[in-house]
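Right, one structure below, let's go through it.
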Amino acid sequence: ALSSAASDVYKRQGVRRSGMAYEGYCKVMIPEGRSGDVSVERFEVEDGFGLMRDFMLGRGTRPGQCTAIKRGGKMWMSDARAEFRDASNFIWNAKRLGGRVPANGLGLGIVIGHLLECDEIEHIDVVEIDEDVIRLVAPSFECDRVTVHHGDALDMKWPRAPSGRARGTTSGSTSVRTT
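Remember, the numbering used here sits 834 above the position in the sequence shown when you count from 1.
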């Protein structure tokens, strides 16, 4: 079952989901847009020889529509399967630990989407250095369980979990309350 925060976020995004969709990884539903030289764009992954080679190298994704975040026209992240695999250890550990989770970088919100589905995650504190990324992505994840802090993760004074220690580790996320 989805947590109420995840359910609210998906309703605003116009997504109908029940648990993990798309074979266990998260397709983002943030709107396309541009802020400064950062853009969020949809693109098609087509079937072909290069795709097979990518699968054999562990970086493949199935044909279909994906979403990318680009800077200056160059893709730096997408919601393809390989991106999810890159974050899967962080997601698994954060869900296992629960509580308040710090995350370094908002990206496309793949990590946030997964963490919001877990009732054991009380809050996600995300630090994002790029204001354009915050403008484009953070509004899609507005809820009481997510806070996006504008700044550098190396300088961030992370909020503490009630037990007095930070939970989880650092990796990617957003109440679009920015600090």
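Even for Gly, the Cβ is constructed at its ideal location relative to N, Cα and C. Please read all numbers here as calculations on a predicted model, not as lab measurements.
Inter-residue Cα distance where the pair is Arg876 and Arg930 = As a first step, residue 876 is located in the sequence shown; it is residue number 42 there, counting from the start. As a first step, residue 930 is located in the sequence shown; it is residue number 96 there, counting from the start. Rounded to the nearest angstrom, the two C-alpha atoms are 32 angstroms apart.
Spatial distance of Ala916 from Trp926 (CA atoms) | The residue you call residue 916 lines up with position 82 of the sequence shown. The residue you call residue 926 lines up with position 92 of the sequence shown. If you take the alpha carbons of Ala916 and Trp926, they lie about 16 angstroms apart.
Would you identify the three-state DSSP class for Pro973, choosing helix, strand or coil?
-> As a position in the sequence shown, residue 973 is number 139, starting the count at 1. Three-state result, Pro973: helix.
May I ask you to report which of helix, strand or coil DSSP gives Val849?
-> What you label residue 849 is simply residue 15 of the sequence shown in a count that begins at 1. Note on Val849: pLDDT 48, under 50, position unreliable in the model; the coordinate value appears next. Looking at Val849 - three-state DSSP - the assignment turns out to be coil, as it is neither helix nor strand.
In three-state DSSP terms, what is Ala855?
-> Start at 1 with the first residue of the sequence shown, and residue 855 comes out as number 21. No answer about Ala855 holds up, because its pLDDT of 40 lies below 50 and its placement is not dependable.
Given a threshold of 16 other Cβ atoms within 10 Å of its Cβ, counted over all protein chains shown, does Gly941 qualify as buried or as exposed?
-> Numbered from its first residue, the sequence shown carries residue 941 at position 107. Label assigned to Gly941: buried.
Can Ile968 and His984 be called in contact, C-beta distance under 8 angstroms?
-> For the purposes of this step, residue 968 is identified with residue 134 of the sequence shown, where counting begins at 1. For the purposes of this step, residue 984 is identified with residue 150 of the sequence shown, where counting begins at 1. Cβ distance < 8 angstroms, so Ile968 and His984 count as in contact.
The alpha helix (DSSP H) with Lys929 in it runs from where to where?
-> Mapped onto the sequence shown, residue 929 falls at position 95. From DSSP, the alpha helix (DSSP H) with Lys929 extends over 915 to 931.
Nearest-angstrom Cα separation, counted from Val879 out to Val1053 | In this structure the chain extends from 835 to 1013, so residue 1053 is not present and cannot be described.
Leu988 to Asp881, Cα distance in whole Å?
-> Against the sequence shown, residue 988 aligns to sequence position 154. Against the sequence shown, residue 881 aligns to sequence position 47. If you take the alpha carbons of Leu988 and Asp881, they lie about 40 angstroms apart.
Proximity winner among Asp959, Val961, Gly943, Ile963, relative to Phe975 (alpha-carbon distances) | In the sequence shown, the residue the question calls residue 975 occupies position 141. Closest by alpha carbon: Gly943.
Reduced DSSP secondary structure (H/G/I, E/B, other) of Val862 = In the sequence shown, the residue the question calls residue 862 occupies position 28. Coil at Val862, not helix or strand.
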